[in-house]
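Notes follow the structure.
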Amino acid sequence: AHASGIDYVAALNTEQYAAVSSPPGKALVIAGAGSGKTRTLTYRVAWLLDHGVESRQILLLTFTNKASREMIERVRELVPQDISDLWAGTFHSIGNRILRRHAEDLGFTRSFSILDRDDQKSLLSAVVASCEIDTKQRRFPKPDVLASIFSLIENTGATLEQVVAGRYAYFYDWIDEIAKVKEGYAAKKQATNSMDFDDLLGQTVRLFEEQPEVLALYQKRFRHLLVDEYQDTNSVQGRMIFLLTGGSNSLMAVGDDAQSIYSWRGADMDHILSFPTTWPGSKVFKIETNYRSVPEILDLSNAAIRANTAGFEKDLRSSRQGTGIKPALVAVEDPNTQAAFVAQRILELRDEGIELEEMAVLYRAHFQSLEVQMELTRRGIPFGITSGLRFFEQAHIKDVAAFLRFVTNRKDEVSFKRMTMLLPGIGPGAAEKLWQSWLNSGFIDNPQPPPKWSDLFLQFKAPKKSAKHWEQLCYTLDELSPDGEFVAPSQMIFSVLEGVYDDYIKENFDNYDNRRSDIEQLSQYGGNFTDIEEFLAQLSLMSAVDGEPTGDRSANDDEKVTLSSIHQAKGLEWKAVFLIWLADGQFPNGRILDSDDQAALEEERRLFYVALTRAKDDLYLSYPMMNPKSYTGDIITRPSRFLEDFPAEMVEEWKVGMDRGWNDDEPF
Ligand code: ATP
Ligand code: MG
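In structure tokens form, the structure reads like this:
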């Protein structure tokens with residue numbers, strides 16, 4: 014018997030057991046949706062621990078932070094030992110963790126800031142300005158575009174030349190200037206001690222490649238790498254895995270090529286398809302049973318993906334009994350009718366005993382959820398959103414964080430300017446002058462403890478009409494690190510709010526109450542941390558890398574429906590799933606239809622497959638017949654072409670809101 018007492022044979026099927034109990038080595042588990050890949054990986058961790066592997070020797074890489082938390086929690090339930098030194102997280106969070114330890118080796122300090130997209134854009138504008146490019150005559154790429162170009166280079170391993178020629182041919186004449194900006198941007202990041210998200214991966218790889226002794230440290234530690242959602246790794250992540258796995262370390266990757274949906278972010282399906290050649294002698298395991306969905310849903314999913322050409326052969330059998338209830342194909346009159354239908358059906362399912370947290374409404378793009386959001390709100394049905402603007406991405410949250418970031422990283426120019434420009438009368442020019450005064454003060458390289466900020470800052474020349482506010486800001490900063498020690502993160506947030514920020518939002522916004530309560534919530538969240546650097550790193554990681562369901566206001570309320578983009582729903586499951594807006598041009602996306610790009614269309618179809626396979630028992634596919642607000646003027650819509658791949662006998666067709674209500678008691 015094992016220390017954990019787990020009966021692996023009972024908990025797993027033969028195929029899963031073969032993978033879980035396989036000897037150390039390189040292994041790929043490739044299997045369709047809902048076949049227990051994630052479960053296999055979780056049990057593999059337990060198996061390793063049961064067979065003498067120490068928890069510190071395991072590295073578990075997942076696609077979202079949430080997935081990693083859930084897997085760790087599951088392992089905790091399974092095994093008796095303490096696993097707190099097992100490393101688990103997204104590639105970005107693991108990169109961050111490694112870089113914090115070795116930042117000095119790369120010319121950064123361990124308190125480097127993490128730039129989000131907005132920060133990146135403001136740094137890039139500054140760099141473009143300093144390059145003195147004559148942009149009057151021809152359009153030069155905007156910071157946003159530049160950021161995307163640089164990001165693609167990092168994530169795909171392609172050259173600047175390739176990326177610009179391929180996806181941004183319009184700007185090809187600017188290639189030399191773009192190269193110059195790219196260099197300037199890298200220098201600027203170094204000078205301001207900051208990294209963007211891509212650097213969390215790119216710099217980690219650089220660290221490993223340039224400093225073999227550092228790599229050796231981690232290779233020696235992580236004897237077992239486990240990777241979930243392997244089909245969505247990009248080339249830099251692939252490189253990270255390759256380096257860490259070097260030599261005799263074992264690697265178990267699980268994935269499903271049919272669910273590869275992140276090529277737009279540089280993920281490359283070929284990684285999973287070429288696993289056997291990357292790792293000669295590796296084992297490939299397949300699982301052919303689906304445990305998630307009833308056969309009625311599974312058959313439909315198989316029919317949907319069959320139209321694609323690329324990929325491993327897979328045909329999933331359901332382990333579940335048929336219910337005789339077919340997925341519903343629901344024609345609704347327009348988006349409002351669709352929302353009414355979804356809300357109504359949710360209430361009925363709840364009456365049938367299905368909890369709200371077992372239901373999800375999925376869509377291709379965030380904006381498609383608006384009517385449903387409004388309808389659910391109107392009917393008092395609680396919901397949480399995992400797509401769209403998330404809590405930590407909101408401007409007011411980032412404003413407050415800027416104060417904290419600056420005091421912990423004095424080279425953080427972006428945060429400094431963001432903070433000062435909140436004051437009335439301080440624009441970019443004045444902010445730049447203040448930044449120069451700070452640079453000239455000689456304090457910037459001064460190690461801990463921080464000075465009393467006000468002693469120094471009050472000597473700087475702030476514009477006359479901001480003098481009072483500038484003073485307030487200085488004293489606020491003092492409160493963040495009295496006697497050279499940082500106070501707790503939640504206290505810092507509160508000090509910023511009371512010192513400066515409350516006045517700012519009161520004077521500038523009409524939704525003062527919302528903003529104030531968001532910041533109070535942030536302060537509350539800060540209560541989970543004692544270390545300010547850890548808190549700030551977490552903030553950055555939560556806001557843009559992956560979809561944390563933190564966007565909703567009622568985070569502590571479990572009893573709610575999930576609204577999610579399909580991308581964010583990857584790996585998850587619900588009893589009942591509504592997939593809305595299945596109209597051509599909405600899903601598949603209109604731009605892709607216009608471009609006639611077959612590879613892109615196949616990716617859309619994989620996305621469709623991901624959506625269908627989230628459902629366990631009930632599936633509703635709806636399409637509005639009219640779109641009165643269509644900006645193209647095409648009011649009559651066409652059902653999604655993906656629906657044409659369904660044999661008629663596999664679905665039940667419903668019509669809602671055409672002549673009379675679909676439900677007689679509740680007319681729409
Ligand atoms: P996806 O491709 O969507 O990520 P997956 O292959 O990772 O799916 P899991 O999420 O691990 O699949 O499993 C799907 C569901 O099936 C889960 O509820 C899981 O607990 C259940 N399941 C998997 N294998 C078994 C098994 N052998 N016995 C009972 N339930 C199982
Ligand atoms: Mg999974």
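Residue numbering for the sequence shown follows the UniProt record's numbering, starting at 14 and increasing by one per position. By construction, the Cβ of each residue, glycine as well, lies at the ideal position given by its N, Cα and C atoms.
Task: Spatial distance of S508 from D531 (CA atoms) - done: Rounded to whole angstroms, the separation of the alpha carbons of D531 and S508 is 15 Å.
Task: Cβ pair L435, A475 closer than 9 Å - done: Annotated as distal: L435 and A475, with beta-carbon spacing of 9 Å or more.
Task: Residue span of the alpha helix (DSSP H) that contains W451, given as start and end - done: According to the DSSP assignment, W451 belongs to the alpha helix (DSSP H) that extends over 441-453.
Task: Spatial distance of K411 from R528 (CA atoms) - done: Each residue's alpha carbon lies about 12 Å from the other.
TODO: Just grab the DSSP bridge partners of L375 for me.
DONE: Here L375 is bridged, per DSSP, to S577, L592.
- [ ] Decide if G108 is buried, meaning its Cβ has at least 16 other Cβ atoms within 10 Å, or exposed.
- [x] Per the 10 Å Cβ criterion, buried.
- [ ] Go through the residues and name those whose CB comes closer than 7 Å to any heavy atom of the ligand MG, in chain order.
- [x] Checking every Cβ against the heavy atoms of the ligand MG under 7 Å gives K50, T51, D241, E242, G584.
- [ ] Use the C-beta contact count for F210: other C-beta atoms within 10 angstroms, 16 or more gives buried, fewer gives exposed.
- [x] With 16 or more neighbouring CB atoms inside 10 Å of its own CB, F210 falls in the buried class.
- [ ] Given a cut-off of 9 Å, decide if K299 and V42 are closer than it, judged by their beta-carbon atoms.
- [x] If you check the CB distance, V42 and K299 come in under 9 Å.
Task: Pairwise C-alpha distance: R377 and H580 - done: Here the alpha carbon of H580 sits roughly 8 Å from the alpha carbon of R377.
Task: Within 9 Å, strictly: CB atoms of S207 and D425 - done: A Cβ-Cβ contact shorter than 9 Å links S207 with D425.
Task: 6 Å Cβ shell around R566 - same chain, five flanking residues per side excluded - done: In this prediction, R566 scores a pLDDT of 37, lower than 50, which makes its location untrustworthy; no coordinate-derived value is stated.
Task: Start-to-end residues for the alpha helix (DSSP H) that takes in Y633 - done: Per DSSP, Y633 lies in no alpha helix (DSSP H); the unbroken beta strand (DSSP E) holding it starts and ends at 628-637.
Task: Residue closest to A24, alpha-carbon to alpha-carbon, out of R52, V92, K39 - done: Of the candidates R52, V92, K39, the one whose C-alpha sits nearest the C-alpha of A24 is R52.
Task: Proximity winner among Y622, T626, Y525, Q537, relative to N303 (alpha-carbon distances) - done: Nearest option by C-alpha distance: T626.
Task: Which of helix, strand or coil DSSP assigns to F184 - done: Assigned with DSSP and collapsed to three states, F184 falls in helix.
Open item on the list: Let me check one thing: in DSSP terms, what residues is H482 bridge-paired to?
Closed with: Residue pairing by DSSP leaves H482 without any beta bridge partner.
TODO: For T433, collect the residues of the same chain with a Cβ closer than 6 Å to its Cβ; drop the 5 residues on either side in sequence, then sort them by chain order.
DONE: So the list reads I439, A444, L447, once near-sequence residues are dropped.
Task: Counted within 10 angstroms of its Cβ, other Cβ atoms place T575 as buried (16 or more) or exposed - done: So T575 ends up on the buried side.
Task: Rounded Cβ spacing between N247 and L554 (contact assumed at less than 8 Å) - done: For a cut-off of 8 Å, the C-beta gap from N247 to L554 is around 17 Å, too long to register as a contact.
TODO: Spell out a yes or no on whether the segment 233-244 and the segment 118-128 are touching, meaning 3 or more CB-CB pairs, one atom from each, closer than 8 Å.
DONE: In the pairwise beta carbon analysis, the segment 233-244 is classified as not touching the segment 118-128: fewer than three pairs are separated by under 8 Å.
Open item on the list: Suppose you measure from the CA of G120 to the CA of N422; what does that come to, to the nearest Å?
Closed with: Cα-Cα distance, rounded: 14 Å.
TODO: Would you check if the segment 78-93 and the segment 273-286 touch, i.e. whether three or more CB-CB distances between them fall below 8 Å?
DONE: No, they do not touch.
Task: Stretch-stretch touch, CB-based, cutoff 8 Å, three pairs: the segment 648-665 with the segment 583-599 - done: Yes, the segment 648-665 is in contact with the segment 583-599.
- [ ] Pick out the complete alpha helix (DSSP H) segments inside the segment 189-226, 4 residues or longer, and give them in chain order.
- [x] Fully enclosed alpha helix (DSSP H) runs of 4 or longer: 210-223.
TODO: Please report how far the alpha carbon of W623 lies from the alpha carbon of T650, in whole angstroms.
DONE: The displayed chain sequence assigns Val, not Trp, to residue 623. Spanning the alpha carbons of V623 and T650 requires a straight line of approximately 24 Å.
Task: Continuous beta strand (DSSP E) stretch holding E617: start and end - done: Run containing E617: none in the beta strand (DSSP E); it sits in the alpha helix (DSSP H), 611-625.
Task: Close-in-space but distant-in-sequence residues of the same chain around M253 (CB under 7 Å, 5 per side omitted) - done: Taken in chain order, the residues that qualify are F104, L214, T217, V218.
- [ ] Please work out which residues of its chain come closer than 7 Å, Cβ to Cβ, to P641, disregarding the five sequence neighbours upstream and downstream, and give them in chain order.
- [x] Once the five neighbours on either side are set aside, the close Cβ partners of P641 are D347, I648.
- [ ] Specify the secondary structure class of P289 as computed by DSSP and reduced to three states.
- [x] P289 carries a helical assignment under DSSP once its states are collapsed to helix, strand and coil.
Task: V664 classed as buried or exposed, judged by whether at least 16 other C-beta atoms fall within 10 angstroms - done: With 16 or more Cβ atoms within 10 Å of its Cβ, V664 is classed as buried.
Task: Heavy atom of the ligand ATP within 8 Å of N26 beta-carbon - done: Result yes, Cβ under 8 Å from the ligand ATP.
Task: Any non-hydrogen atom of the ligand ATP closer than 8 Å to A46 Cβ - done: Yes, since a heavy atom of the ligand ATP falls inside the 8 Å radius drawn around the Cβ of A46.
- [ ] Find out if the Cβ-Cβ distance for the pair A344, V590 is shorter than 9 Å.
- [x] It is not a contact, given that the beta carbons lie outside the stated cut-off.
Open item on the list: Shorter than 8 Å, the distance from the beta carbon of V267 to the closest heavy atom of the ligand SAM, or not?
Closed with: By its list of ligands, the structure shown excludes the ligand SAM, since it contains just the ligand ATP and the ligand MG.
TODO: Please classify H105: does DSSP put it in a helix, a strand, or coil?
DONE: Reduced to three states, the DSSP call for H105 is helix.
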